[in-house]
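Written below as C-alpha cells is the structure these notes are about.
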Amino acid sequence: MIPRTVYEPEHEMFRESVRKFLETEAAPYHEQWEKDGEVDRGLWNKAGEQGFLAPTVPEEYGGVGVDFRYNAIVDEECARSGLTGIGWGLHSDIAVPYIVRYGSEEQKQKYLPKCVSGEIVTAIAMTEPAAGSDLQGIKTTAVKDGDDYIINGSKTFITNGQHADLVVVVAKTDPQAGAKGTSLFLVEAGTPGFEKGKNLNKIGLKAQDTSELFFQDVRVPKDALLGEEGMGFVYLMQDLPQERLNIAILAVHSAQGILEKTIEYVTERKAFGKSIATFQNTQFKLAELDTELTSATVFLDRCLELHIEEKLDAVTAAKAKMLTTDLQGKVMDECLQLHGGYGYMWEYPVARAWADARVQRIYGGTNEIMKLIIGRELVK
Ligand SMILES: Cc1cc2nc3c(=O)[nH]c(=O)nc-3n(C[C@H](O)[C@H](O)[C@H](O)COP(=O)(O)OP(=O)(O)OC[C@H]3O[C@@H](n4cnc5c(N)ncnc54)[C@H](O)[C@@H]3O)c2cc1C
C-alpha cells in the first residue's frame, strides 16, 4: 500500500460526511433516476445545504473558500459508489470556476451564492452538432446589437442540460477572427429564444441529463459577456486542465470501486467446486489491474497536488486524462469478464460501470486529442 499524502485529516472528515450523504440521499434512488433520465432536482439543494457544491467559491460569494481537494473528494465519492447521474463535478469543477475566475463583480454576486446553495445548476455549452474536437469550428454567433448581443446557434451533448438554470455558452463574436473571435456568455434558462431540446438517450450515464440546446435570436445584455470579448478560447484553454483532472479522478475512483466489488464477487462465486478467486487467471487479472490502478492513483494524486499549487500544466493534465480513462476502460472490461454472464446484467454495478466508462475517453477532449496535445509538445 502506498499511503495517499494529498489529503489531511480534515479532508477525511469531509469525505465521511459526503459518503454518508450519498448513502442516504442518492444511492437508494439512483436506479429510479436512471429510468427518469435525470436525478431528482431537490438533490442539488440538499447538497448545497451541506456545502458540497462549488466549495472553492470564496466566502464573500457564499462559498466555503477551500481548495480543489474538496471538489476532488466529492468526485471520488460519487465515482466510487457508481452514482454517475450526479452532475456536481461539471457544475463545481468546470462551469462555476469560469464565473469565479472571469466573472464581473456583479455577475459573481448575482450567481455564485445560488450556485453554492443549489438554487442554480450550471452547464457549459461548447460542443455543436458539427463541431466537437474542432472547437474553433463552432458556428454559434453572438452579434452586437446596441447594448445587447443576439445569440444564434445550437449545442449538443450538454451535461446538466435539462436541469441547467445558467449556461456558459461559447459563441463567435467575430467569425472571421478564428480563436480570437470566440467569447463566453452567461445565458439564463427562460431567456426568450433559448430552448432546451430532448434529454439524449445514451448507452451509459443513464441518470445524467445530457441535452441539446437551441438559441434563436436570444437577446442578452452586454453584462452577460463573461470576461473580455474575444478571450473565450484563451479562457477555455486555461480551464481545461481542471476539467481533465475531474475526469481522471472519476476514472481512477470508479475503477477502484469496481475492482473492490469484483474481488468480493470472485471470492463468493464458485466454479468447479471452488471459489473462482482461487484460479490463477483470476488472481493474475486482479494483480495486473490493482498494480496499474495503484500507479495511476499515485500519478493522479501528484497531479492534484500540482493543481493545488497552480502548477498543473495542460500537457500533464492531458496525460492524466488519457492514462486514467484508458485504464478505466480496461478495468471495467476485465472486471465484467470476471463476473461472467452476471457482469452483462444491468442490475450488477459492473455492467453499469462498464457502460458509464466508455464516454470518459470521448468527452473533455477525446483521447486522440490528448495524444495530439502531448505529441505536439514532444516534437516542438
Ligand atoms: C455524455 C456526454 C457529455 C458531454 N458533455 C458535454 C458538455 O457538458 N459540454 C460540451 O460542450 N460538450 C460535451 N460533450 C461533448 C464532447 O466533449 C464531444 O463529444 C467531444 O469533444 C468529441 O467531439 P465530437 O463528438 O464532435 O467528435 P468529433 O470531433 O467528430 O470526433 C470524432 C472522432 O474523430 C477523432 N478526431 C477528431 N479530430 C481529430 C484529430 N485532429 N486527430 C485525430 N483524431 C481526431 C476523435 O478523437 C473521435 O474519435 C459531451 C459528450 C458526451 C457524449
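Just so we're on the same page, the numbering used here is the position in the sequence shown counted from 1, plus 1147. Backbone N, C-alpha and C define an ideal beta-carbon position, used for all residues, glycine too.
Here VAL1221 is near VAL1165, since their CB atoms are less than 8 Å apart. Residue burial is scored here from C-beta neighbours: TYR1491 has fewer than 16 other C-beta atoms within 10 angstroms and is therefore classed as exposed. The Cβ atoms of PHE1332 and ILE1285 do not sit closer than 8 Å to each other. Remark: the C-beta of ALA1272 is in contact range of ligand 1, defined as less than 7 Å to any heavy atom. Between the region 1465-1476 and the region 1179-1193, the count of Cβ pairs shorter than 8 Å is below three; the stretches do not touch. Between ARG1505 and ILE1350, the C-beta gap is smaller than 8 Å, which places the two residues in contact.
In the DSSP assignment, TYR1296 falls within the unbroken beta strand (DSSP E) covering 1295-1306. Shortest gap from the CB of LYS1349 to any heavy atom of ligand 1: under 7 Å. Relative to ligand 1, the beta carbon of ASP1281 is positioned inside 7 Å of a heavy atom.
Looking at the DSSP output, ARG1366 sits in a beta bridge with ILE1297. Take ALA1311, set aside five residues on each side of it, and the residues of its chain with a beta-carbon closer than 7 Å to its own are VAL1268, THR1269, ALA1270, ALA1336, in chain order. When the five nearest sequence neighbours on each side are left out, the beta carbons in the same chain lying within less than 7 Å of the beta carbon of ALA1465 are those of ARG1391, MET1517, ILE1520, ILE1521, in order along the chain. Per the C-alpha coordinates, the member of LEU1373, ASP1292, PHE1341 positioned closest to VAL1365 is PHE1341.
Contact between ASP1460 and VAL1153 does not hold, since the beta-carbon distance rounds to 18 Å and is not under 8 Å.
For VAL1506, the Cβ falls inside the 7 Å cut-off from some heavy atom of ligand 1. Of the heavy atoms belonging to ligand 1, none sits nearer than 7 Å to the Cβ of ILE1394. A direct Cα-to-Cα measurement between PHE1431 and ASP1437 gives close to 10 Å. Check the Cα spacing between THR1287 and each of TYR1245, VAL1316, TRP1501, GLN1355: the tightest is with VAL1316.
The DSSP assignment places no complete run of the alpha helix (DSSP H) inside the region 1312-1338 (cut-off: 4 residues). One Cα belongs to GLU1275, the other to GLU1207, and the distance between them is close to 35 Å. For VAL1290, there is no enclosing alpha helix (DSSP H); the enclosing beta strand (DSSP E) has its first and last residue at 1288-1292. Annotated three-state conformation of SER1228 is coil, per DSSP.
The C-beta of PHE1380 has 16 or more other C-beta atoms within 10 Å across all chains shown, which makes the residue buried. For THR1269, the enclosing beta strand (DSSP E) starts and ends at 1269-1272.
Per the DSSP secondary-structure output, LEU1360 pairs in a beta bridge with LYS1302, LYS1343.
Residue GLN1283 holds the alpha-carbon nearest to the alpha-carbon of GLN1323 among LYS1343, PHE1362, GLN1283.
About 12 Å separates the CB atoms of LEU1485 and TRP1501; that is not less than 8 Å, and the two are not in contact. Bridge partners of GLU1275 according to DSSP: ALA1278.
Linking ARG1151 to GLU1223 through their CA atoms gives a straight-line distance of about 13 Å. Here THR1231 is buried, its C-beta having at least 16 other C-beta atoms within 10 Å.
Less than 8 Å separates the beta-carbon of VAL1314 from that of LEU1360. Residues GLY1195, LEU1200, ALA1201, VAL1204, GLY1209, GLY1210 of the same chain have their beta carbon placed closer than 7 Å to that of VAL1263, with the five preceding and five following residues left out of the count. The C-beta of TRP1493 has fewer than 16 other C-beta atoms within 10 Å across all chains shown, which makes the residue exposed. Between ligand 1 and THR1357, a heavy atom-to-CB distance of less than 7 Å is present.
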